[in-house]
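Visitor: Before we start, here is the structure in question, set down as structure tokens.
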Amino acid sequence: MEEKWLIGVDLGGTTVKLAFVNQYGEIIYKWEIPTDKSNQGHNIPTDIAKSIDEQLEKCGEIKAKIMGIGIGAPGPVKETNGSVDVAVNLGWNKFPLKDLLEVETGLPVFVDNDANIAAIGEMWKGAGEGAKDLLCVTLGTGVGGGIIAHGDIVRGVNGAAGEIGHITSIPEGGAPCNCGKTGCLETVASATGIVRLAKEKIAENGNTTMQCFYEDGTLTAKEVFDCAREGDEVAKAVIEEVAFHLGLALANTANGLNPEKIVLGGGVSRAGDILLQSIKDRFNQFAFPRVAKGAEITIATLGNDAGVIGGAWLVKTQLPQHV
1 MEEKWLIGVD
11 LGGTTVKLAF
21 VNQYGEIIYK
31 WEIPTDKSNQ
41 GHNIPTDIAK
51 SIDEQLEKCG
61 EIKAKIMGIG
71 IGAPGPVKET
81 NGSVDVAVNL
91 GWNKFPLKDL
101 LEVETGLPVF
111 VDNDANIAAI
121 GEMWKGAGEG
131 AKDLLCVTLG
141 TGVGGGIIAH
151 GDIVRGVNGA
161 AGEIGHITSI
171 PEGGAPCNCG
181 KTGCLETVAS
191 ATGIVRLAKE
201 KIAENGNTTM
211 QCFYEDGTLT
221 AKEVFDCARE
231 GDEVAKAVIE
241 EVAFHLGLAL
251 ANTANGLNPE
261 KIVLGGGVSR
271 AGDILLQSIK
281 DRFNQFAFPR
291 VAKGAEITIA
301 TLGNDAGVIG
311 GAWLVKTQLP
321 QHV
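Going by the working numbering, 294 is the number at position 294 of the sequence shown; the sequence numbering is gapless.
Here it is in structure tokens:
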């Protein structure tokens, strides 16, 4: 019998990543299309459907080759009907993504939050492979999180579980967050948060190699990490502050979950040992000793493929219940 494929889709604010994936979690072919945010994002399901048809034709395959589509969306997802409650960057509000995409493609569609499917991808084929109790944190423009317990994603009562980036890290006097609160972990541990912290410290102490990047407006998290590696004391102080807040938030979350692995992904995680070792030190300082002993903190390995692989897993595991 001919093997059928799964389709994984990772829907982002700038691009939509798509892939044909086999039932072993191996990517057959992957591609991406721009995210059309015009008309409050209503063109997105049609764009995805058209793109899938085009790529199937290029591969010389027909729709019957596909078992279904698993898609990660940037916002809380209603598990019962696959609608996205709100996705501010796309203009969505109670958007019936599952229904629209099923109509456009004629295929079964399974929807989850984008951070959740990234966590699933890392569990299935990435750094979390073999672990059934897993905490996955994505450190990018923001801070996303996915929690897996006993091999199943934890979604919570209304789809908002895993919002690690909105743990209150600074109770008083913290910076405003996009969620409407202040002092969220995201305001210090994201790429934008790191740059904000760096700018504050540069303003306090101009004796730093980051000064030139600050003055010409090109300062990024990467420059902060590069300067720290070269021994810049101000840059190192920024990293220590980031590691403190991350280590504390991860420890408090892990104390409630007792995970086997904590996987750090996203652009900030690529800073490597200069950040990772400090996070581990702080985590061990704040975690319950038995929790710390059981948890391995590691860097994600799938990169941008985590979401599409996690989307494919949704189809593989949920389709038998669907038919």
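In this text, a Cβ means the ideal position worked out from N, Cα and C, and glycines have one as well.
Is the distance from the Cβ of Lys37 to the Cβ of Leu90 below 7 Å?
Guide: Contact: yes.
Visitor: What does the alpha-carbon distance come out to for the pair Pro34 and Ser51?
Guide: Taking the straight line from one Cα to the other gives about 11 Å.
Visitor: Kindly indicate the opening and closing residues of the beta strand (DSSP E) around Val6.
Guide: A small fix is needed here, since residue 6 is Leu in this sequence, not Val. Per DSSP, Leu6 belongs to the beta strand (DSSP E) from 5–11.
Visitor: What three-state label does DSSP hand Val323 in the structure shown?
Guide: Here the model assigns Val323 a pLDDT of 49, short of 50, so the residue's position is not dependable, and the following value carries that caveat. Residue state, collapsed to three classes: coil.
Visitor: Starting from Asn113, follow its DSSP beta bridges and name the residues at the other end.
Guide: Its beta-bridge partners are Ala73.
Visitor: To which residues does DSSP link Val16 through a beta bridge?
Guide: In DSSP, Val16 forms a bridge with Leu11, Ile33.
Visitor: Of the residues Phe244, Thr105, Glu260, which one's Cα is nearest the Cα of Ile48?
Guide: The residue with the shortest Cα to Cα distance from Ile48 is Thr105.
Visitor: Using CA coordinates, which residue listed in Gly265, Glu260, Ile202 is at the minimum distance from Val234?
Guide: Of Gly265, Glu260, Ile202, the residue nearest in Cα terms is Ile202.
Visitor: With H, G and I counted as helix, E and B as strand and the rest as coil, what does DSSP make of Gly165?
Guide: Three-state DSSP puts Gly165 in a helix.
Visitor: Just to confirm my understanding: we take Thr187, look at its own chain, exclude 5 residues before and 5 after, and list those with CB closer than 8 Å. What are they?
Guide: If we look at Thr187 and ignore the five residues flanking it on each side, its Cβ neighbours are Ser169, Ile170, Gly174, Ala175, Pro176, Cys177, Gly193, Arg196.
Visitor: When the distance is taken between beta carbons, is Val84 closer than 7 Å to Gly75?
Guide: Yes, these two residues count as a Cβ contact at 7 Å.
Visitor: Taking the beta strand (DSSP E) that Asn93 falls in, what are its first and last residues?
Guide: From DSSP, the beta strand (DSSP E) with Asn93 extends over 92–95.
Visitor: Helix, strand or coil, according to DSSP, for Cys212 in the structure here?
Guide: Correct three-state label for Cys212: helix.
Visitor: Label Thr10 either buried or exposed according to how many other C-beta atoms from any shown protein chain fall within 10 Å of its C-beta, with 16 as the threshold for buried.
Guide: Just to set this straight, residue 10 is Asp in the shown sequence, not Thr. Buried is the call here.
Visitor: Quick one: complete beta strand (DSSP E) runs, 3+ long, within the stretch 217–247?
Guide: The stretch 217–247 contains no whole beta strand (DSSP E) run of 3 or more residues.
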